[in-house]
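Residue numbers (UniProt numbering), protein chains in the order written: chain A, 1 to 221; chain B, 1 to 221; chain C, 1 to 221; chain D, 1 to 221.
Okay, structure first, notes after.
Number of protein chains: 4
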Amino acid sequence: MSVIEKLRVEVCDLHRELIRWGLVAWTAGNVSARVPGEDLLVIKPSGVSYEDLSPEAMVVADFSGRLVDGHHAPSSDTEAHGYVYAHMPHIGGVVHTHSPYATAWAARGEPIPCSITAMADEFGGDIPVGPFALIGSDAIGRGIVETLAGHRSPAVLMRQHGPFTIGATAKAAVKAAVMCEDVARTMHLARQLGPVERLPSQAVDSLHDRYQNVYGQKGAR
Amino acid sequence: MSVIEKLRVEVCDLHRELIRWGLVAWTAGNVSARVPGEDLLVIKPSGVSYEDLSPEAMVVADFSGRLVDGHHAPSSDTEAHGYVYAHMPHIGGVVHTHSPYATAWAARGEPIPCSITAMADEFGGDIPVGPFALIGSDAIGRGIVETLAGHRSPAVLMRQHGPFTIGATAKAAVKAAVMCEDVARTMHLARQLGPVERLPSQAVDSLHDRYQNVYGQKGAR
Amino acid sequence: MSVIEKLRVEVCDLHRELIRWGLVAWTAGNVSARVPGEDLLVIKPSGVSYEDLSPEAMVVADFSGRLVDGHHAPSSDTEAHGYVYAHMPHIGGVVHTHSPYATAWAARGEPIPCSITAMADEFGGDIPVGPFALIGSDAIGRGIVETLAGHRSPAVLMRQHGPFTIGATAKAAVKAAVMCEDVARTMHLARQLGPVERLPSQAVDSLHDRYQNVYGQKGAR
Amino acid sequence: MSVIEKLRVEVCDLHRELIRWGLVAWTAGNVSARVPGEDLLVIKPSGVSYEDLSPEAMVVADFSGRLVDGHHAPSSDTEAHGYVYAHMPHIGGVVHTHSPYATAWAARGEPIPCSITAMADEFGGDIPVGPFALIGSDAIGRGIVETLAGHRSPAVLMRQHGPFTIGATAKAAVKAAVMCEDVARTMHLARQLGPVERLPSQAVDSLHDRYQNVYGQKGAR
Chain A
1 MSVIEKLRVE VCDLHRELIR WGLVAWTAGN VSARVPGEDL LVIKPSGVSY
51 EDLSPEAMVV ADFSGRLVDG HHAPSSDTEA HGYVYAHMPH IGGVVHTHSP
101 YATAWAARGE PIPCSITAMA DEFGGDIPVG PFALIGSDAI GRGIVETLAG
151 HRSPAVLMRQ HGPFTIGATA KAAVKAAVMC EDVARTMHLA RQLGPVERLP
201 SQAVDSLHDR YQNVYGQKGA R
Chain B
1 MSVIEKLRVE VCDLHRELIR WGLVAWTAGN VSARVPGEDL LVIKPSGVSY
51 EDLSPEAMVV ADFSGRLVDG HHAPSSDTEA HGYVYAHMPH IGGVVHTHSP
101 YATAWAARGE PIPCSITAMA DEFGGDIPVG PFALIGSDAI GRGIVETLAG
151 HRSPAVLMRQ HGPFTIGATA KAAVKAAVMC EDVARTMHLA RQLGPVERLP
201 SQAVDSLHDR YQNVYGQKGA R
Chain C
1 MSVIEKLRVE VCDLHRELIR WGLVAWTAGN VSARVPGEDL LVIKPSGVSY
51 EDLSPEAMVV ADFSGRLVDG HHAPSSDTEA HGYVYAHMPH IGGVVHTHSP
101 YATAWAARGE PIPCSITAMA DEFGGDIPVG PFALIGSDAI GRGIVETLAG
151 HRSPAVLMRQ HGPFTIGATA KAAVKAAVMC EDVARTMHLA RQLGPVERLP
201 SQAVDSLHDR YQNVYGQKGA R
Chain D
1 MSVIEKLRVE VCDLHRELIR WGLVAWTAGN VSARVPGEDL LVIKPSGVSY
51 EDLSPEAMVV ADFSGRLVDG HHAPSSDTEA HGYVYAHMPH IGGVVHTHSP
101 YATAWAARGE PIPCSITAMA DEFGGDIPVG PFALIGSDAI GRGIVETLAG
151 HRSPAVLMRQ HGPFTIGATA KAAVKAAVMC EDVARTMHLA RQLGPVERLP
201 SQAVDSLHDR YQNVYGQKGA R
């Protein structure tokens with residue numbers, strides 16, 4: 001299997017995780033992976049239902065969102081994914097969903113405060129809010145990159161739109177999307193019945209450092 | 001297979017989507033499809049459990065809700081579906097559910113404000129509220145048609161009752177029902193922790209236009 | 001198969017519906033059926049996990065809750081079920097759960113107001129609250145029977161405990177338990193963002209009458 | 001099969017219950033069992049996905065969290081589990097999750113008040129809050145043990161972190177984790193729409209005593 005064939009399988013399989021963890025409705029949401037060493041990405045086709053996804057249905061596009069290989073039109077969010085890959089060279093995967101709790105914080109334009117250890121572990125601080133931006137230019141991609149520049153968080157809540165997450169691999173970006181919805185829900189529930197304090201920044205630093213460097217199996221991080 | 005046989009299969013299968021996306025409890029909810037070129041529709045039988053649905057169990061009724069072909073009594077909402085087909089000639093599918101978040105907005109008689117891009121995409125504005133109407137006359141059908149007349153939204157929240165959705169096909173109406181519950185939930189969650197602004201109408205127009213005309217695969221829209 | 005063998009199968013199968021509709025956690029919850037013409041009932045054994053339920057594991061008990069036939073101790077709620085059968089001769093099935101939304105109303109001791117058509121259909125009015133009663137006497141059974149005496153509702157919320165539902169058959173009681181949680185959730189969500197008016201009593205009467213007498217298939221009601 | 005081989009199977013299988021009851025996201029959460037008569041425990045490896053768990057992947061560690069047998073690094077919570085076994089000799093199982101409703105109470109540092117019979121049954125009172133403690137010393141284990149010392153509850157909400165539960169067996173600790181999330185949700189929902197009174201302490205004592213000594217099957221308690 002070529003690198004691109006492997007990525008088609010991987011990206012296709014990862015879309016199932018979006019369904020499994022309740023992050024998407026109908027055809028919403030998409031996962032992409034960078035093709036290593038090339039200005040290309042593999043992504044879900046636009047508006048195809050999750051049941052009809054197959055490795056062959058995945059498409060290869062350039063960083064401007066133009067179709068390079070495949071039988072379908074690429075996701076309408078391809079340009080935003082491409083902008084991230086073009087401007088964040090260490091990033092290998094991008095995910096976008098409208099997962100309900102994260103999108104609720106995005107609708108209010110309110111960052112998720114880092115008040116629980118699970119947030120410190122994965123996000124290393126608040127999950128920040130990016131600007132409202134219309135699809136059809138590089139505005140969304142730019143908003144993601146500029147917002148994440150000052151944060152350890154692999155997730156950004158695009159205002160009145162929904163979360164985008166990034167990772168060294170597509171799987172890591174999917175994990176960030178799952179954890180983003182999980183902590184968005186827990187913090188929503190916590191805040192419903194009273195105020196919640198942020199964790200002290202020293203505790204956040206310590207938890208984040210351990211999680212990124214000690215948690216998990218060596219070589220699998 | 002005749003056109004009606006095909007529609008029985010399609011309508012039967014689409015009911016599974018209502019279960020899959022959590023829109024219905026027990027035997028509640030129903031999907032119908034217009035029989036093209038005839039004053040007939042195919043719909044779920046009344047009060048039959050989702051596990052016992054088969055293409056043969058679907059029934060054919062006229063637009064007044066009278067049984068034309070089938071072994072069961074038609075859904076008690078058939079008259080409302082028929083009124084929509086009789087008065088909206090471009091509509092090919094109708095769906096009714098009591099999905100919890102959408103019905104909660106309907107219970108308060110409050111339209112869902114168009115504050116997130118997913119709503120602009122699918123609904124092109126607020127999801128409006130229709131009148132309270134009792135079953136057993138054309139009051140529900142009339143309320144649906146009159147409310148949707150002034151809106152781009154394929155969904156209406158019938159007051160203290162629940163959502164009805166429409167589409168060019170039964171599948172499109174089911175999609176609208178799934179998205180209606182999804183945005184009803186997200187906007188419910190958003191509003192629980194603070195106020196949410198509507199999107200500017202220009203942004204709504206732009207998003208709705210792109211989604212209706214560019215999103216998805218050509219020929220599959 | 002004898003009548004009791006058939007009831008063991010039916011009662012066992014109906015417990016799966018409690019899981020399927022999210023009404024129970026771990027081993028909580030129970031369904032029973034009256035043995036026609038005898039002062040006996042068939043019920044779930046106490047504290048057995050849902051995966052280990054089989055028709056043979058179901059137990060036969062008398063109306064005082066004493067084991068009559070079976071290899072396990074009967075549910076600790078058997079006495080309450082028995083009291084209902086002894087005092088409501090038209091009832092053939094009883095269900096008890098701690099389903100979350102219904103139990104939340106029960107915890108506050110607040111009846112669920114009849115504000116949506118789905119409630120009028122199935123419950124014919126508010127879902128009432130019964131007294132707080134300890135297990136181990138006939139207090140729970142008496143609380144159920146006395147509370148339901150003045151209501152069309154097949155569901156009662158036992159205060160700080162959870163819902164009990166009744167029906168002409170065990171299946172009808174399970175349906176009432178599923179619908180009780182469904183409307184408890186919808187009304188909870190509705191009330192979270194503002195006040196909700198009750199339906200006019202004439203509309204409730206009309207809806208309830210139609211649902212009980214016209215909805216569904218003849219002979220299957 | 002040796003005792004340890006049996007525990008590997010048991011601990012592996014119990015992790016599926018965490019998924020089934022919605023207590024964990026991605027690789028979060030862990031179950032352990034004491035190896036009877038030895039200062040050893042069997043636990044999940046760190047950061048391995050639930051789909052890749054097998055009995056062979058489980059690891060044996062000592063009470064300081066050091067790997068004794070197995071091919072993976074032990075869960076990063078192993079030291080906390082070990083501290084519990086070292087200081088609570090009657091405990092045979094420990095579970096840790098970030099289940100959303102329980103973690104929401106933990107985020108506010110608010111005990112769950114014992115206001116419903118299901119809480120009296122399983123927890124015998126409020127579910128208490130333990131201190132905020134960083135991973136990497138015995139602070140978490142100490143916080144669990146010191147908080148649970150004065151309570152009948154098998155669950156403690158570690159502040160701004162999440163629940164830990166204990167039991168005579170690993171299965172009992174998993175049951176406590178499932179019931180902890182269940183009552184955390186019900187009490188959250190109850191409190192959202194108004195105040196809730198605690199049960200009188202005499203009623204709590206009576207319910208707890210019956211549930212611990214009469215509920216279930218003899219020999220299976």
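The beta-carbon is built from N, C-alpha and C at its ideal position, and this holds for glycine as well.
Output needed for B/Glu-10: all residues of its chain with C-beta closer than 7 angstroms, excluding positions within five of it in sequence on either side, in chain order.
Ala-33 and Ala-170
Enclosing alpha helix (DSSP H) for B/Ala-176 [first to last residue]
170 to 192
Give a yes or no on whether 9 angstroms exceeds the smallest Cβ distance from C/Met-187 to chain B.
yes
For A/Gly-136, does the three-state DSSP call read helix, strand or coil?
coil
Extent of the continuous beta strand (DSSP E) to which C/Phe-164 belongs:
162 to 167
According to a CB-to-CB cut-off of less than 7 angstroms, which residues of the region 132 to 153 of chain C neighbour chain D?
Leu-134, Ile-135 and Gly-136
Tell me where the beta strand (DSSP E) around C/Met-158 begins and ends.
155 to 158
Using a 10 Å radius around the Cβ and a threshold of 16 neighbouring Cβ atoms, would you call C/Glu-56 buried or exposed?
exposed
A/Gly-22 to D/Gly-22 span [Cα, whole Å]:
11 angstroms
Using a Cβ cut-off of 8 angstroms, pull out every chain B residue sitting near A/Pro-45, in sequence order please.
Gln-217
Considering only the beta carbon of each residue, do A/Val-31 and B/Gly-216 sit closer than 9 angstroms?
no
Interface partners of C/Tyr-101 on chain F, CB under 9 angstroms:
Reference to chain F is not applicable here, since the protein chains of this structure are A, B, C and D.
Got a sec? Which residues, its chain only, sit under 8 angstroms from A/His-188 by beta carbon, not counting five neighbours each side?
Tyr-101, Ala-104 and Trp-105
Proximal residues of chain A, C-beta to C-beta of B/Leu-193 below 9 angstroms
Ala-104, Trp-105, Arg-108, Glu-110, His-188, Arg-191 and Gln-192
On the DSSP bridge assignment, give the partners of D/Ile-112 in chain order.
D/Ile-127
Short Cβ contact (9 angstroms threshold) for residue 241 of chain D with C/Arg-108:
The shown model of chain D, from 1 to 221, leaves out residue 241 of chain D, and the question about it has no answer.
Span of the alpha helix (DSSP H), counted from its first residue to its last, around D/Ala-203:
201 to 213
Can you give the Cα-Cα distance for D/Ser-76 and A/Val-214, rounded to whole angstroms?
8 angstroms
Exposure of B/Asp-52, with buried meaning 16 or more beta-carbon neighbours within 10 Å
exposed
Helix, strand or coil: how does DSSP classify D/His-98 here?
coil
I'd like to confirm the pairing. Which residues does DSSP put opposite C/Ile-43 in its beta bridges?
C/Ser-32 and C/Val-59
Cβ shell of D/His-208 (< 7 angstroms), same chain only, five flanking positions each side left out:
Ala-120, Asp-121, Gly-124 and Arg-152
Taking buried to mean at least 16 other C-beta atoms within 10 Å of its own C-beta, is C/Pro-89 buried or exposed?
exposed
Report all residues from its chain with a CB closer than 7 angstroms to the CB of B/Arg-221; omit the five preceding and five following residues, and keep chain order.
Unreliable positioning characterises B/Arg-221 in this predicted model, as indicated by a pLDDT of 45, which lies under 50. The coordinate reading is nonetheless provided below. Excluding positions up to five away in sequence, the list is empty.
Short CB-CB distance (under 9 angstroms) between C/Ser-76 and chain D:
yes
Quick check: is the beta carbon of B/Val-94 nearer than 9 angstroms to any beta carbon in chain A?
no
Taking only beta-carbon positions, decide if A/His-98 is within less than 9 angstroms of chain B.
yes
Going by alpha carbons, who is nearest to C/Tyr-211 out of C/Thr-117, C/Ala-173, C/Phe-164 and C/Ala-28?
C/Thr-117
Using 9 angstroms as the threshold, is the C-beta distance between B/Leu-18 and B/Ala-172 below it?
no
Measuring straight from C-alpha to C-alpha, what distance separates A/Met-179 and B/Pro-74?
45 angstroms
Quick one, which of A/Arg-191, A/Ser-115, A/Gln-202 and A/His-96 has its alpha-carbon nearest A/Gly-167's?
A/His-96
Against B/Trp-26, what residues of chain C qualify as contacts under a CB-to-CB distance less than 7 angstroms, listed in chain order?
Lys-175, Val-178 and Met-179
Give a yes or no on whether 9 angstroms exceeds the smallest Cβ distance from A/Ser-64 to chain D.
no
DSSP-derived helix/strand/coil call for C/Pro-74:
strand
Tell me, please, whether the CB atom of B/Thr-169 is closer than 9 angstroms to any CB atom in chain A?
no
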